[in-house]
Every structure is written in C-alpha cells, then in structure tokens.
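From first to last, the protein sequence lines stand for chains A and B.
Each residue of the first sequence is one higher than the last, beginning at -19 in our numbering.
Each residue of the second sequence is one higher than the last, beginning at 2 in our numbering.
Even for Gly, the Cβ is constructed at its ideal location relative to N, Cα and C.
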Amino acid sequence: MAARDVVIPLQAPPTRPRTRHWRRWALLVPALLVVTLFLVAAIFADLISVYDPEHIVLADRLIPPVFDGGSWDHVLGTDQMGRDILTRVMHGARISLTVVVIAVPAAAAVGTLVGLLAGWRLGWVDKVLMRLVDVQLAFPALLFAILVAAVWGPSLRNVILIITIWTWSGYARLVRADVLSLREREFVLAARAIGAHDGRVLLRHVLPNLLNIVVILMTMEVATVILFEAGLSFLNVGVDMGTPSWGAMISEGRNFMPIAGWLIWIPGLAIVLIALTAMMMGDWVRDALDPRLRNLR
Amino acid sequence: MTPTSLARILASRLLQGLLVVFVVITLVFVISRVTRDPIAYLADIQSTQAEIDALRDRYGLNDSLVVQYGRFLWDTVQLDMGRSLINGRDAMGEVSGRAAKTLQLGGAALLYCLVLGLVTGVIAALYRGRPADWLARLLAVIGQAVPDFWMGLMLIFLFSVGLGWLPTGGSGSLQHMILPVLTMGTFTAAAIMRLTRSGMIDAMGADFVRTARAKGLSERAIVGRHALRHALLPVVTILGIQTGRLIAGALVVETVFAWPGLGRLTIHSIGLGDYPVTQAAVLLIAVSIVLANIIVDLSYRLVDPRIRGGAA
C-alpha cells in the first residue's frame, strides 16, 4: 500500500457529496428493521406460527401466497408438500442464525490463534501454518463440503464444521500480518524487555490490538457464511432432507418453478435481504473501526 | 526484474504449489478411502463373501493403508487415476474431456466480469457521487448479496420460462452460454468493480496523475494510461482468489444449468461413489487453482515495478 502514503492535492480535494451522511443514516433504519425481523423470526418461530415447518399436508399443497390468489390461512402460500412457507422461512432464519452464531466466532478463534502463533513464533511454525492456509485456497470449500457430505451424510453439525474449517484462514492471514508489525513496536519490545513472558505479552499487549481487525472481519463474514450455508443446502450437501433451510427450500421447489414461482423467490428474497443487510452493516463497522480495510472484500 | 530472479521465484512457487497439491490429494485419499470402505461402492448387495474378497484383492484393498497410499501416490504422479467404477473408462481422460467445457464457461465468465467490473468501476470513480456512481455501487452490492444458484434460477425463470428467449439448460450453442456466464461472473464483476472504483479514486488524487495533468496530457490518456494501470494492481491480486471462486461457482452453475462440465461430473461422481473420477477431478481442480495463483503472482510482479525479485 506504499502508493497512497503521501498525497498532496494541488487543487482542493473533491468535496464529499453532501447527501452521503444523510443516505447512510437513512439506510440504517431499514437495516435495523431487517435484522430485528430476522432475529425475532429466528428466535420465536414456534411462538409466532401455528404450523409445524416439517408437517406434511398433501391436501394443502401448492397454495399460492395471499397476494397471488391464496388465502390468509397461509400468508406466503404452501410448498409441494403442503407445508406453510412463512413458517419454513422463519425456521430457515433460525438455521442461518445458528450457523452464523457458532461458525463465525469459532472460525475467528481458530484463525486468530493460528495467526498469532505463526506471526509470533515465525520459523517453521509459520511456514507450516501458512502452507495450510494455501491449501485451503487451492481447494474449493464447496468441493470439500460435497466430499464430507458424501462420507458422513448431510447435517447441520457438518455444515457448521465445514464453514468453520473453511473460513478460519482469512483471520489467520490478517492476524499474522498485524502480529508481524506489532511484534516490532516499542510497547511490545518494552514489555519483553522487562521480562514479561510470551503468554502475557500476547494476551495483554498484542491481542487487544488485534481486536478491531478480527471484529471487522467477523461482521463482514456474516453475509458470506449465510450465503455459503444456503449454497450448501441448495446442493443437498448442507442440512438434512426436509429441514427448512432457505437453500434447501429453493432446491426442493426447483422442479415446480414454472407453476409455483413463489417456492423459489420467497426464500431467495429472504437470503438476499439478510445478506444485503449483513454486508451493509459489515461495511459500516469497518468504516467506523478501520477504513483502511476497505479492499478486504 | 532479472531473468534469474524470475526463474528462482517461479521455481519456489512451483515447489510450494506442488506441496499444496500433495496435501489436497492426501486429504481426498483420506476422505474417500479411510473414512469409508470403498468396497461398499464396488460390491452389490447380493455379493457373497468370496466375491467381495475377490474384489478386495483386485483393487488392492487387502494391503495395508500405507501400501495403498504409496500406490495411490505413485499412480497419481503418473497421472493414472484408475478407471471409472461406473463406465470403466480412464478417469483422467473422462475428467479432462469435461474440463474443456468448464474452461469454456470459465473463460467467458472471466472476460465478462473483467470487462463489466473495470468499465463500471472506472465510470463510478470518474462520476463519483453522481447518479452513475450511485447506481453502479448499488448494483455491485446487490451482485454480491444474491446467491449464484438463486440468480441462475431467476434468470431461467425470466428468460427461459417467461420470455422463452434462451434455453433453460444444456450446451451446444452460444445461446446456451449466456445465462450460465452471467450467473458465474456477476459476483466477481461486483468485486472487481468495487476494487477498480476505489483504486481509481486513489489514483486520480495521486501525484503521478497531477504530473500527467501538468504535462498537458488528455484526460483519456490520464485515465487510461496512468490511473487505470494503478487501479489494476489490486484487481490482479484478487483474480487469483477469484479463480478458485469461479471454479467453485462452476459446481453450482453447472448443476443449475445442466452444463456437462467438470463441476457437474464431480458432484455426480461423488454422489455415485465413483472415487477414481472424484480423485481425478479434485486433482485437476487443485492443480488449476495453484497454477492460476502462480500466474497471477508472477504477472503482479511484472505489472508492479515496485515489487522486485527479492520480496516474497
């Protein structure tokens, strides 16, 4: 990034458009609304809906949504098995949330630990760990997921495991790069000079300085993880059959697309809406904490 | 950059790449052999114990895992990945035949995302804060939030089922390629657009652009020859990562559009338990991603005069 070290504008720097702040805050309200809706749906799905997301009622199959000629009994219609789509979308939110809540912190913890170790110890530890990161880049996560599903069968637990295993490397790279510069800083050298042992230096002096970057990456990864889970479930290597994951709903509804488009676009819209919101919030967190990282995605 | 230092870097990158490929195929061996007995795929339900033993013997499954692994590595080095359990054809041949189809799709998608990403990125940067910029950024955000499989299905819904303009799937003509390429390249196009835009904005405020202006160069020369070249660097960097993404995307896109390529074959072979084909496919995918990364790395060094031979 040496190129943008010194920039002395001859003319006045281009002024920021005045609408920018206004627009930013205008988007905050719908974003918070979407997140709240998502959380409420995910947490209270059973309390809100009278239907069971996996209960099959063949007599009620393929009822269109209420705005497409259906009735208020099934607001967003039913699928090819007569299951209520609104209920399934809400339970789908629960699955997305579960995956995010477990996989994102787990990957962050593993990646941070590896990055710390590699950047602090250097030498062969660093070499081995960084090659491990390279291996992940050379091996599409999706392929790994399909292999795992073929051997152990699809399940939510495997999805979380796969996503964790395949997202920690991003944290490891960033953390290692930061540790490399932090270890030469005065306060770290001073701490070592007065005889603090490695654990104390890392925990009290290095780790707090890494928090920003890890938090930024975590918020930015939320959207990636949601999209990834949906993709796995779409390819039938994610959650088990029948589980109302958004990706699985789209996969199951595929064959009915010409006659029942709502089977596809309703869960798809849910994915896009929450992914869009998560991405926007990730950008805000990054801009607030460390705008240098804007090229991360 | 001197030729010798270039050769040294190339050699070290190739060695590292070899190591990566080695780990990947070992992983595949472990997943496909150790965690599950391949005999389950080979024998059918009515097989007698004697038949199963004969099969085990024929495929060398009675040897110790170390011996099996050694033989697997030796065969792999010779590019002999065995024969498909389904149709008995050479697995490597089967896979490379399909890879050409995927390359077709991937090449077109790469071209599409580069052109779209660069053009919209430059326009957005030059018209920063104006409606064109606003629109381009909005589209980029949406392009990154829409899952590829869903986008593919919606495109089919719109252009094939609804309007009847394009085929729903399969391959054979240029028309067959349009929707898969759009689906495959849009995410990357959005990523390239964002990078180009921020790179261009940086460049337009930098000293060398001021100098170019002072020399009296035309705006076209400033943008095209000076600013864009600067903005291209981060784009080249992410292309390596994006190659992996495009290949992963091929798995999804080929499934959605019934495109007879490597991705569909891979998923198919895993589903059928045809592990020789799976191994061949994974090997080919890993090698191509490693090679793409090496090419990107080297071209990055060639494009950016600040990075000379020594720096790793």
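Cβ-based burial, alanine 8(B) [other Cβ within 10 Å; buried from 16]: Exposed.
Pick from Val265(A), Gln116(A), Met61(A) and Ile140(A): whose alpha carbon is nearest that of aspartate 40(A)? Met61(A)
Distance check for valine 84(A) and leucine 111(B), CA to CA, integer angstroms please. 30 angstroms
Whose C-alpha, out of Pro188(A), Gly95(A), Trp242(A) and Ile254(A), is nearest the C-alpha of histidine 54(A)? Trp242(A)
Would arginine 156(A) count as contacting chain B if we go by Cβ distances under 8 angstroms? no
Does the pairing of the stretch 84 to 99 of chain B with the stretch 248 to 265 of chain B give three or more beta-carbon distances under 8 angstroms? yes
Run down chain A in chain order and give the residues with a C-beta less than 9 angstroms from the C-beta of glutamine 105(B). In chain order: nothing, as chain A lies at least about 19 angstroms away.
Please check if any C-beta of chain A sits within less than 8 angstroms of the C-beta of threonine 267(B). Chain A places a beta carbon closer than 8 angstroms to that of threonine 267(B), counting this residue as a contact.
Between threonine 189(B) and aspartate 149(B), is the Cβ-Cβ spacing less than 8 angstroms? No, the Cβ-Cβ distance between threonine 189(B) and aspartate 149(B) is not below 8 angstroms.
Residues near leucine 297(A) by beta carbon distance below 7 angstroms, same chain, minus five either side: No answer is possible for residue 297(A): it lies beyond the span of chain A, which begins at -19 and ends at 277.
Count the C-beta pairs between the stretch 125 to 144 of chain A and the stretch 216 to 225 of chain A that are closer than 8 angstroms, then say yes if the count reaches three, no if not. yes
According to DSSP, aspartate 64(A) sits in a beta bridge with which residue or residues? Thr58(A)
Contact set for glutamine 280(B): own chain, Cβ-Cβ below 6 angstroms, skip 5 residues either direction: Val29 and Met82
8 angstroms contact criterion, which valine 181(A) and glycine 99(A) should meet: CB distance rounded: Not a contact, Cβ separation roughly 13 angstroms.
By DSSP, does aspartate 91(B) sit in helix, in strand, or in coil? strand
Could you tell me whether any Cβ in chain A is nearer than 8 angstroms to the Cβ of isoleucine 271(B)? yes
Contact check, valine 90(A) vs tryptophan 148(A) under 8 angstroms by CB: the rounded distance? That pair is a contact at about 4 angstroms.
Between Trp75(B), Val120(B), Val21(B) and Arg131(B), which lies nearest to leucine 196(B) when the distance is taken from Cα to Cα? Closest option to leucine 196(B), judged by alpha-carbon separation, among Trp75(B), Val120(B), Val21(B) and Arg131(B): Val120(B).
Just the Cα atoms here: how many angstroms apart are isoleucine 126(A) and aspartate 275(B)? 13 angstroms
Residues of the stretch 88 to 113 of chain A whose Cβ lies closer than 9 angstroms to any Cβ of chain B, in chain order: Answer in chain order: Arg111 and Leu112.
Can you find a C-beta in chain B that's less than 8 angstroms from the C-beta of proline -11(A)? At proline -11(A) the pLDDT is 48, less than 50, meaning the model places this residue with poor confidence and gives no usable figure here.
How about glycine 227(A) and serine 213(A): are their beta carbons less than 8 angstroms apart? yes
With a cut-off of 8 angstroms, does the C-beta of threonine 256(B) fall near any C-beta of chain A? For threonine 256(B), the answer is yes, since a Cβ of chain A falls inside 8 angstroms of its Cβ.
If I measure Cβ to Cβ from asparagine 91(B) and keep anything under 7 angstroms in the same chain, skipping five residues before and after, which residues do I get? A small fix is needed here, since residue 91(B) is aspartate in this sequence, not asparagine. If we look at aspartate 91(B) and ignore the five residues flanking it on each side, its Cβ neighbours are Arg84.
Any beta carbon of chain B sitting closer than 8 angstroms to that of tryptophan 146(A)? no
Grab the span of the alpha helix (DSSP H) containing tyrosine 151(A) for me, first residue to last. For tyrosine 151(A), the enclosing alpha helix (DSSP H) has its first and last residue at 148 to 162.
With a threshold of 8 angstroms between beta carbons, is glycine 278(A) in contact with chain B? With chain A covering -19 to 277 only, the question about residue 278(A) has no answer from this structure.
In chain order, what are the residue ranges of uninterrupted alpha helix (DSSP H) at least 4 long that sit wholly in the stretch 227 to 285 of chain B? Counting only runs of 4 or more, we get 229 to 258 and 263 to 273.
Of the residues that make up the stretch 183 to 217 of chain A, which ones have a beta carbon closer than 7 angstroms to any beta carbon in chain B? Ala203, Leu207, Ala210, Gly211, Phe214 and Leu215
Backbone secondary structure at arginine 131(B) - three-state DSSP: coil
Measure the Cβ-Cβ separation of alanine 213(B) and isoleucine 223(B) and say whether it is below 8 angstroms. yes
State the CB to CB distance for the pair leucine 122(A) and glycine 248(A), rounded to an integer number of angstroms; the pair is presumed to be in contact (CB under 8 angstroms). About 19 angstroms; that fails the 8 angstroms criterion.
Please compile the residues from chain B whose C-beta is within a distance smaller than 7 angstroms of the C-beta of arginine 234(A). Leu154
Check whether the Cβ atoms of isoleucine 295(B) and valine 236(B) lie closer than 8 angstroms to each other. Result no, Cβ atoms of isoleucine 295(B) and valine 236(B) do not sit closer than 8 angstroms.
Do leucine 180(B) and leucine 156(B) count as a contact pair if the criterion is CB distance below 8 angstroms? Result yes, Cβ atoms of leucine 156(B) and leucine 180(B) sit closer than 8 angstroms.
Do three or more CB pairs link the stretch 253 to 267 of chain A to the stretch 169 to 176 of chain B at distances below 8 angstroms? Counting Cβ pairs under 8 angstroms, fewer than three are found: no touch.
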